[in-house]
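K.L.:
I'd like to ask some things about the structure below.
Protein chains: 2
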Amino acid sequence: MTRIEQHASFGGRQEVWQHASAALACPMRFAVYLPPAAVRGEPCPVLYWLSGLTCTEQNFIAKAGAQAHAARYGLILVAPDTSPRGEAVADDPAYDLGQGAGFYLNATQAPWAAHYRMQDYVADELPALVEQHFPALPVRAIAGHSMGGHGALVTALRHPGRYRSVSAFSPIVAPGQVPWGQKAFAAYLGQDPDAWAQWDAVALLRAAPERLPILVDQGLDDEFLAGQLRPELLEAACREAGHPLTLRRQAGYDHSYYFIASFIGDHIAHHAAALKAD
Amino acid sequence: MTRIEQHASFGGRQEVWQHASAALACPMRFAVYLPPAAVRGEPCPVLYWLSGLTCTEQNFIAKAGAQAHAARYGLILVAPDTSPRGEAVADDPAYDLGQGAGFYLNATQAPWAAHYRMQDYVADELPALVEQHFPALPVRAIAGHSMGGHGALVTALRHPGRYRSVSAFSPIVAPGQVPWGQKAFAAYLGQDPDAWAQWDAVALLRAAPERLPILVDQGLDDEFLAGQLRPELLEAACREAGHPLTLRRQAGYDHSYYFIASFIGDHIAHHAAALKAD
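Those sequence lines, one after another, are chains A and B. So for the first sequence, our numbering puts the first residue at 71; every next one is plus one. So for the second sequence, our numbering puts the first residue at 71; every next one is plus one.
Here's what the structure looks like:
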């Protein structure tokens, strides 16, 4: 594992690391923010952040302004890349399939199945690595944006007991019912509806064995709101399942990191309350 | 004047505008953050931010996290581009000369003199435009980073009475004594030492008619500290001239926006105190 960036940030350190991923069978980069407490060697809980289409490990750490809040609450932030990468890894010229668009699932179809096992990476390999190499407690929360909001919801729902809290900005809540998800799922998973349901938050919610409260912020001027995100489907599924949901519709906000930056402090406070509870 | 971006941000609006600049004789873009008070139509004071080498109007607005603080204090933030731009504008393949490297001066030498009048732009044309088109009071502060820190110091020193406060991150304080400045000044101004002294903060300080207190943050792990920035020259010049200076040497911090983000709140509080004073 090699450190390729290190910057002092709010009394802590923003770092970027590269390692050989076993799950993805390629080199991967991830970002780690160590708050001042972690720099002093105190074990800290970890918030995993999953980014959206086209992003790398860089977008969140450069644009969200999350470090100020993580420093205050003593949380480690971990932001992986959004897919396997490299010349040996299958790709597609579209921005919403292939590299930069892993959808945080384990692909079963050729040519994707060889490398696209992002769920194993974010849920298993990466936490193990983080808890081995950094002063990280095995106390985890997960959040994300857009495709990464889908990833956060699905990863938490598929792993009851593994996360203390979950939140999302502008998530794709029902990939099986919207164009981005339908395209990606057809490629990565084939046409079996049961396979799709295992990676769809709205479908998984119905029988979730754990009722972790979900916090979602959604901008009402988001260009993808009606076509790709459809938070009303999450709202209905939570209502039917009796799943606790705080869905905040934010007037005037769009899909950008300016939206995330405006409310990331609320999300980090939400996660800190769960992570620091006894 | 055309608005080319608009994003809700911390209850206000982050916008980017394009207009035909008379001073620079080319189209220019600048970013404006309108805090909630300005969105409500209340006149607000303005903090001008000058960015460093290679930057555009985008870097500060995406990476500094300044909007949270400007929203709280009710300041408008204005961030111009770092030089004239376009195919008709002289350029150089190096990152530290030509487009992206205007040094906030008025060039006198060919081929630069035709467009490179950034001082007229940032000190005169841009404030006039901002005060005409936005709910902006003619109450101004100025700050910047690296080449833009030089720009902020020089612009304030050359215009006594025009700014209420000035601050800088990692500024080039004595361009006439360091390679970045020597290269740019030779190209833009020729070899006349008197011409150079008019654009050099350390030289201008000696006879400054106004003693505006200067706030400077400088990272001690900044790769350009000893070769290009040399804050000790500013410190000595302020001591000799009796000019008030708060120079904070920040252990561990580098030249990046992670450094700026960590302390921009202090700078905005510093400017707000001056801008809101009766």
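The beta-carbon is built from N, C-alpha and C at its ideal position, and this holds for glycine as well.
Check the Cβ of D151/A against every Cβ in chain B and list those closer than 7 angstroms, keeping chain order.
P.N.:
By Cβ distance, chain B contributes nothing, its closest Cβ being about 19 angstroms from D151/A, past 7 angstroms.
K.L.:
F100/A: which of A108/A, H89/A and L94/A sits nearest, CA to CA?
P.N.:
The shortest C-alpha separation from F100/A is found at H89/A.
K.L.:
In whole angstroms, what separates the C-alpha of T178/B from that of L259/B?
P.N.:
Rounded to whole angstroms, T178/B to L259/B spans 5 angstroms at the Cα level.
K.L.:
What residues match up with L317/B in a beta bridge as DSSP calls it?
P.N.:
DSSP lists V286/B as partners of L317/B.
K.L.:
In chain order, what residues of the same chain lie with their CB nearer than 6 angstroms to the CB of T152/B, ignoring the 5 residues before and after it?
P.N.:
Closer than 6 angstroms at the Cβ level, and outside the excluded window around T152/B, lie S121, C125, G170 and G172.
K.L.:
For P115/B, which option in Y328/B, V148/B, G218/B and V248/B has the closest C-alpha, if you only look at C-alpha atoms?
P.N.:
The residue with the shortest Cα to Cα distance from P115/B is V148/B.
K.L.:
Say whether the region 236 to 245 of chain A touches the region 205 to 222 of chain A, bearing in mind that this needs 3 or more beta-carbon pairs closer than 8 angstroms, one atom from each stretch.
P.N.:
These segments touch.
K.L.:
Quick check on R187/B: does DSSP put it in helix, strand or coil?
P.N.:
Note: R187/B maps to strand in three-state DSSP.
K.L.:
In the DSSP assignment, what residue or residues form a beta bridge with G176/A?
P.N.:
In the sequence under discussion, the amino acid at residue 176/A is Asn, which differs from the Gly named in the question. Note: N176/A sits in a beta bridge opposite R187/A.
K.L.:
Assuming the contact rule is C-beta atoms closer than 8 angstroms, V243/B and L299/B should be a hit. Round their C-beta distance to whole Å, please.
P.N.:
The pair is a contact, with the Cβ atoms about 7 angstroms apart (cut-off 8 angstroms).
K.L.:
Tell me which residue opens and which closes the beta strand (DSSP E) that S235/A is part of.
P.N.:
Run containing S235/A: S235 to F239, per the beta strand (DSSP E) assignment.
K.L.:
Closer than 7 angstroms between beta carbons: that is the criterion. Which residues of the region 303 to 325 of chain B meet it against chain A?
P.N.:
The region 303 to 325 of chain B vs chain A, Cβ under 7 angstroms: G322, Y323 and D324.
K.L.:
Heavy atom of the ligand NAD less than 6 angstroms from the Cβ of P197/B, yes or no?
P.N.:
Ligands in the displayed structure: none, and consequently the ligand NAD is not present.
K.L.:
Could you pull out every residue in the same chain whose Cβ sits closer than 8 angstroms to the Cβ of E305/A, ignoring the five residues on either side in sequence?
P.N.:
Closer than 8 angstroms at the Cβ level, and outside the excluded window around E305/A, lie L315 and L317.
K.L.:
Quick one: Cα of T72/B to Cα of E85/B, how far?
P.N.:
Approximately 10 angstroms between the Cα atoms of the pair.
K.L.:
Kindly indicate which three-state DSSP category F56/B falls into: helix, strand or coil?
P.N.:
One cannot answer for residue 56/B here, as it falls past the ends of chain B, which runs 71 to 348.
K.L.:
Is the Cβ-Cβ distance between G81/A and A140/A less than 7 angstroms?
P.N.:
No, Cβ-Cβ distance for G81/A and A140/A is not below 7 angstroms.
K.L.:
Measuring only the C-alpha atoms, how far is R110/B from A206/B?
P.N.:
Approximately 12 angstroms between the Cα atoms of the pair.
K.L.:
Got a sec: which bits of the region 76 to 89 of chain B sit with their beta carbon under 7 angstroms from any beta carbon on chain A, in order along the chain?
P.N.:
Going along the region 76 to 89 of chain B in chain order, one finds H77, A78, S79, F80 and Q84 with a Cβ nearer than 7 angstroms to chain A.
K.L.:
Does S237/B have its Cβ less than 7 angstroms from a Cβ in chain A?
P.N.:
For S237/B, the answer is no, since every Cβ of chain A falls outside 7 angstroms of its Cβ.
K.L.:
Is Y328/B close to chain A? Criterion is C-beta to C-beta, closer than 7 angstroms.
P.N.:
It does; some Cβ of chain A falls within 7 angstroms.
K.L.:
Taking the alpha carbon of P249/B as the reference point, which residue from L167/B, P150/B and A134/B has its own alpha carbon closest?
P.N.:
Ranking L167/B, P150/B and A134/B by Cα distance to P249/B puts L167/B first.
K.L.:
Residues in its own chain within less than 6 angstroms of P283/A by CB, not counting five upstream and five downstream?
P.N.:
The answer, listed in chain order, is P314.
K.L.:
Is the Cβ of S91/B closer than 7 angstroms to any Cβ of chain A?
P.N.:
Closer than 7 angstroms: no.
K.L.:
For W266/B, which residues of its own chain have a beta-carbon under 7 angstroms away from its beta-carbon, when the five flanking residues on both sides are left out?
P.N.:
Within the same chain, W266/B has close Cβ partners G246, F255 and L259.
K.L.:
Give me the subset of the region 281 to 292 of chain A whose CB atoms are less than 9 angstroms from a CB atom of chain B, sorted by chain position.
P.N.:
Those residues of the region 281 to 292 of chain A that come within reach of chain B (Cβ to Cβ, closer than 9 angstroms) are G289 and D291.
K.L.:
Strictly below 8 angstroms CB to CB, what residues from chain B border A331/A?
P.N.:
In chain order: S79, F80, G135, Q137 and A138.
K.L.:
Would you give the residue range spanned by the beta strand (DSSP E) that G82/A belongs to?
P.N.:
Here the beta strand (DSSP E) through G82/A covers G82 to S91.
K.L.:
Output, in chain order, the set of chain A residues within a Cβ distance shorter than 8 angstroms of A108/B.
P.N.:
By Cβ distance, chain A contributes nothing, its closest Cβ being about 14 angstroms from A108/B, past 8 angstroms.
K.L.:
Our contact map puts W119/B next to A213/B with C-beta atoms below 8 angstroms; I'd like the distance itself, whole angstroms only.
P.N.:
6 angstroms between Cβ atoms; contact.
K.L.:
On the DSSP bridge assignment, give the partners of F255/B in chain order.
P.N.:
None; F255/B has no bridge partner.
K.L.:
Buried or exposed for G231/A, going by 16 or more other Cβ atoms inside 10 Å?
P.N.:
Exposed, by the Cβ-count rule.
K.L.:
Give the residues from the region 108 to 133 of chain A that approach chain B closer than 9 angstroms (Cβ to any Cβ), ordered along the chain.
P.N.:
Those residues of the region 108 to 133 of chain A that come within reach of chain B (Cβ to Cβ, closer than 9 angstroms) are I131, A132 and K133.
K.L.:
Mind checking G251/B: buried by the 16 CB within 10 Å criterion, or exposed?
P.N.:
With 16 or more Cβ atoms within 10 Å of its Cβ, G251/B is classed as buried.
K.L.:
Assuming G349/A is part of the alpha helix (DSSP H), what are its boundary residues?
P.N.:
Outside the displayed range of chain A (71 to 348) lies residue 349/A, so it cannot be described from this structure.
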